[in-house]
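Visitor: Please see the structure below; I have some questions.
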Amino acid sequence: MSKRGSYAVRISGLGEGDHIFSFELDRQFFALFEQSDICNGKVLATVTLEKKPGVLALHFSLEGEVEVMCDRCLENFMTGVSSTQSIFVKVGEIHGEVDEDVLIIGKDEHEIDVGQYLYEFIVLALPYQRIHPDDANGNSLCNPEMLKKLDAHRVKEQKRNEKTDPRWDALKGIIEKN
Ligand SMILES: [Zn+2]
Numbered sequence: 001m002s003k004r005g006s007y008a009v010r011i012s013g014l015g016e017g018d019h020i021f022s023f024e025l026d027r028q029f030f031a032l033f034e035q036s037d038i039c040n041g042k043v044l045a046t047v048t049l050e051k052k053p054g055v056l057a058l059h060f061s062l063e064g065e066v067e068v069m070c071d072r073c074l075e076n077f078m079t080g081v082s083s084t085q086s087i088f089v090k091v092g093e094i095h096g097e098v099d100e101d102v103l104i105i106g107k108d109e110h111e112i113d114v115g116q117y118l119y120e121f122i123v124l125a126l127p128y129q130r131i132h133p134d135d136a137n138g139n140s141l142c143n144p145e146m147l148k149k150l151d152a153h154r155v156k157e158q159k160r161n162e163k164t165d166p167r168w169d170a171l172k173g174i175i176e177k178n
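With the first letter of the sequence shown counted as 1, position 4 gets the number 4 in the working numbering; the numbers rise by one all the way through.
Below you can see the structure in the form of structure tokens.
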């Protein structure tokens, strides 16, 4: 069984009603996802399996914080995540996802691996721009040393780009003449 198997929800042999599963998502969990923006975190995930005649649904509730890289100073910092999502589970022929919130499983399946869902919901809950917050005095918590280094690097890059290629100048001359 893969390591992701530890993030499975058992669906067979359960009576009607709500069944609650809890998962603690930490470094070990985020290490399962390659090329992830998140390398560490502490998130408590509660998955409620709702089972009643004709309905099988998974309700996710995620709360905690994850470590991401700051877009401005490139240092890691912890940012809070909070999310609630639901998916419906249907038993059928096609295996996999058809709709974003519908999962189709084979009738012989006894459990659902929710690891991928948990990960995706956390990524969706992240802010689009990930930047260190300000402290109580309104000062940025970005690493000032890193910002200085990055600024120096940017100036260098800009200077390099400003030196124009003589072939472009020649071409510009031709275009302007016409
Ligand atoms: Zn920063």
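Backbone N, C-alpha and C define an ideal beta-carbon position, used for all residues, glycine too.
Identify which residue in Phe88, Ala31, Leu58 and Val102 has its Cα closest to the Cα of Val66.
Guide: Answer by Cα proximity: Ala31.
Visitor: What does the Cβ neighbour count give for Thr84, buried or exposed, with the cut at 16 atoms within 10 Å?
Guide: Its Cβ having fewer than 16 others within 10 Å, Thr84 is exposed.
Visitor: In the DSSP assignment, find the alpha helix (DSSP H) that holds Gln28 and state where it starts and stops.
Guide: Start and end: Arg27 to Phe30.
Visitor: Under 8 Å by Cβ, that's how I've got Ala45 and Phe88 pegged, so tell me the actual separation to the nearest angstrom.
Guide: Actually they are not in contact, since the Cβ atoms of Ala45 and Phe88 sit about 18 Å apart, beyond 8 Å.
Visitor: Quick one: grab the DSSP three-state call for Arg130.
Guide: Coil at Arg130, not helix or strand.
Visitor: Where do the N-terminal and C-terminal ends of the alpha helix (DSSP H) with Gly80 fall, by residue?
Guide: First-last for Gly80: Asn76 to Val91, but that is the beta strand (DSSP E), not the alpha helix (DSSP H).
Visitor: Relative to the alpha-carbon of Gly64, which residue among Pro53, Gln158, Ser82 and Ser22 has its alpha-carbon at the smallest distance?
Guide: That would be Ser82, whose Cα lies nearest to the Cα of Gly64.
Visitor: Do Asn143 and Glu75 have their beta-carbon atoms positioned less than 8 Å apart in this structure?
Guide: For Glu75 and Asn143, yes; Cβs fall inside 8 Å.
Visitor: Put Gly196 into one of helix, strand or coil per three-state DSSP.
Guide: What the structure shows of the chain is the stretch from 1 to 178, and residue 196 is not part of that stretch, so it cannot be assessed.
Visitor: Contact check, Val55 vs Val9 under 8 Å by CB: the rounded distance?
Guide: Val55 to Val9, Cβ: 15 Å. No contact.
Visitor: Closest by CA to Asp71, which one among Ile174, Glu157 and Pro133?
Guide: Checking every option, the nearest Cα to that of Asp71 belongs to Pro133.
Visitor: Compute the distance between the beta-carbons of Thr79 and Arg160, then report whether it is under 8 Å.
Guide: For Thr79 and Arg160, no; Cβs fall outside 8 Å.
Visitor: Using 7 Å as the cut-off, classify the Cβ of His132 as near or not near the heavy atoms of ligand 1, replying yes or no.
Guide: His132: yes, Cβ under 7 Å from ligand 1.
Visitor: Thinking Asp26 and Leu49 are a contact (beta carbons under 8 Å), I'd like their distance in whole angstroms, please.
Guide: Not really, about 23 Å apart at Cβ, beyond 8 Å.
Visitor: Helix, strand or coil for Glu67, going by three-state DSSP, please let me know.
Guide: Strand at Glu67.
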